[in-house]
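> First, the structure itself, so that you have it in front of you.
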Amino acid sequence: MMKKSIFFLLKILLIVPPFAIAEKTQWQYMGSQFREDYQLQPDLKAFYKIHRTPLTWFDARTRCDREGAELVAPQSHEEVEMLKTLLEKLDMHEPFLFLGIHSLFAKGRFVTLSDVDVQNLNLHWESGEPNNYKNNENCVTLNYNGRLSDTDCNDVHPFVCKKVARNISWNNECYTYDQEYKLDSSLSTCYKLHTQPKNWTSAYDVCESEGGHLAIINSVEEKNFLVKLLGEHPPARIQGNFNKDMTFLGFHDLFVSREFRTITGETLQEAGYNEFAGNQPDNVSPGEHCGAMFRNGQLDDLWCDRPYLFICERSNELRERPQDPFMKHFSKELVYIVPA
Ligand SMILES: [Ca+2]
Ligand SMILES: [Ca+2]
Ligand SMILES: [Ca+2]
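Those letters in the sequence shown? Residues -22 to -1, 1 to 318, per mature numbering (1 follows the signal peptide of the UniProt record, and there is no 0), in order.
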């Protein structure tokens, strides 16, 4: 079986001209993967995810952005129809979806998040809309008819995030589109140092949005990898005016003061690494309740509400390789020249 398949692949390699291989490889390669929680719509050449929990327009935009995608602004009748089917699945009375369309820059001028005037898109307003009710409607929703209304940006609605397939390249080692995740093969875990600083709560949310979690150190080996990762990003090469010697991790004492736990509920001893720096934890006023490490890997308690570097962690062991049956036998490069 194996021999036969290899022969088949070699035959295709000889028949198909190289430029055709490149094109097909590229499209299928990109088209097959984005994130486990996104669905590919092949006709629209994009991945979508519906968020059922209603958020404000601002929070919805941020959530999509953190997932590496964009709050959807439909570009065609077909895309509106697809969004309508997602709306139906919500099983809500009179549901609305927030769209990536607003008039926050100039009142009454509705544009997408990439600043395309809505008048240039083939979209339809609900009758009587936009009406700028109470002079407070700067964001746009889609209703079950597939029509648009202007609405209060601080209302909360479900929403859909979109990722155009052609923008994606796959990180083979870490099973994510995100090229910044780096594999520690001995731990079978991937890590990403975020150099855009965030407070601890936002850092937690960013890591979860990326399909991971704030890094938890479970061994000296893991600590060493994180120290090495930080070493590749010296303070002088990171932009911004903040303390670049500290990095948030996934532990805290927010529940009981001085009782440090990981975000998965373990004590630091149970997690496997408990080496605080000298004089730490020192709980400096007005209180340091979030976990961090120095660049040498020693731990510290730190102010939760100030922005610092942070590291996200994604275990490869929890992730399945792509479900293509050829994948079990061949490298990805060969797999993707097989005609569908
Ligand atoms: Ca309105
Ligand atoms: Ca870990
Ligand atoms: Ca401290």
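Note that beta-carbon positions come from the ideal geometry of N, C-alpha and C, so glycine has one too.
Could you give the distance in angstroms between the alpha-carbon of lysine 112 and the alpha-carbon of aspartate 128?
11 angstroms
> Measuring only the C-alpha atoms, how far is glutamate 158 from cysteine 290?
Taking the straight line from one Cα to the other gives about 11 angstroms.
> What does the alpha-carbon distance come out to for the pair glutamine 4 and leucine 232?
In this predicted model, glutamine 4 has a pLDDT of only 42, less than 50, meaning its place in the structure is not dependable; the value taken from the coordinates is given anyway. Glutamine 4 and leucine 232: Cα-Cα distance of roughly 47 angstroms.
> Considering only their Cβ atoms, is the gap separating leucine 208 from arginine 273 smaller than 8 angstroms?
yes
> Hey, which unbroken runs of the alpha helix (DSSP H) at 4 residues or more fall wholly within the stretch 234 to 286?
Within the stretch 234 to 286, the complete alpha helix (DSSP H) runs of at least 4 residues fall at 246 to 249.
> Closest to arginine 30 by C-alpha separation, out of Glu66, Arg13 and Arg44, would be which residue?
Taking only the C-alpha atoms, the option nearest arginine 30 is Glu66.
> Any chance you could list the residues with Cβ under 5 angstroms from a heavy atom of ligand 2, keeping chain order?
Ile194 and Asn196
> Beta carbon of alanine 249, beta carbon of asparagine 202: below 8 angstroms?
no
> In the DSSP assignment, find the unbroken alpha helix (DSSP H) run with alanine 38 in it and report its ends.
35 to 44
> Here's a check: name, in chain order, each residue in its chain whose Cβ is nearer than 7 angstroms to the Cβ of asparagine 121, leaving out the five neighbours to either side.
Phe74, Glu104 and Ser127
> Nearest CA to the CA of phenylalanine 137: which residue from Asn221, Arg215 and Thr40?
Thr40
> By Cβ distance below 7 angstroms, which residues in the same chain neighbour aspartate 43 in space, the five residues on each side in sequence not counted?
none
> Compute the minimum distance between the beta carbon of valine 262 and the heavy atoms of ligand 3, and state whether it is under 7 angstroms.
yes
> Between which two residues does the alpha helix (DSSP H) harbouring lysine 112 extend?
Premise fails: lysine 112 is in no alpha helix (DSSP H) and is neither H nor E.
> Between leucine 246 and alanine 193, which are expected to be in contact by the criterion C-beta below 8 angstroms, what is the C-beta distance as a whole number of angstroms?
13 angstroms between Cβ atoms; not a contact.
> I believe glutamate 266 touches leucine 287 by the beta-carbon criterion, under 8 angstroms. Please report the beta-carbon distance rounded to the nearest angstrom.
Actually they do not touch by this definition, with Cβ atoms about 16 angstroms apart.
> Helix, strand or coil: which one does DSSP assign to serine 180?
helix
> Once you ignore the five residues that flank glycine 189 on each side, which residues in its own chain have a CB closer than 8 angstroms to its CB?
Arg13, Glu14, Asp15, Thr154 and Arg292
> Near valine 234, which residues of its chain fall below 7 angstroms by C-beta distance, leaving aside the five closest residues on each side in sequence?
none
> Find out if the Cβ-Cβ distance for the pair lysine 170, aspartate 183 is shorter than 8 angstroms.
no
> Taking 7 angstroms as the cut-off, is the C-beta of glutamine 19 nearer than that to any heavy atom in ligand 3?
no
> For the putative contact between leucine 77 and valine 50, defined by C-beta atoms under 8 angstroms, what is the C-beta separation to the nearest angstrom?
6 angstroms
> Can you tell me whether DSSP reads residue 376 as helix, strand or coil?
The first residue shown for the chain is -22 and the last is 318, placing residue 376 beyond what the model contains.
> Would you tell me roughly how many angstroms separate the C-alpha atoms of tyrosine 7 and serine 187, rounded to the nearest one?
Residue placement at tyrosine 7 is poorly supported in this model, since its pLDDT is 42, which falls under 50; the coordinates are not used for a value here.
> Cβ of tyrosine 122 versus every heavy atom of ligand 1: is any distance shorter than 7 angstroms?
No - ligand 1 has no heavy atom lying nearer than 7 angstroms to the Cβ of tyrosine 122.
> Helix, strand or coil for proline 108? Go by DSSP, reduced to three states.
coil
> Flag proline 259 as yes when its Cβ comes closer than 7 angstroms to any non-hydrogen atom of ligand 3, and as no otherwise.
Yes, ligand 3 has a heavy atom inside 7 angstroms of this Cβ.
> Taking buried to mean at least 16 other C-beta atoms within 10 Å of its own C-beta, is glutamine 174 buried or exposed?
Flag for glutamine 174 reads exposed.
> In chain order, what residues of the same chain lie with their CB nearer than 6 angstroms to the CB of asparagine 116, ignoring the 5 residues before and after it?
Excluding sequence neighbours, asparagine 116 sits near His80, Ser81, Leu82 and Cys131.
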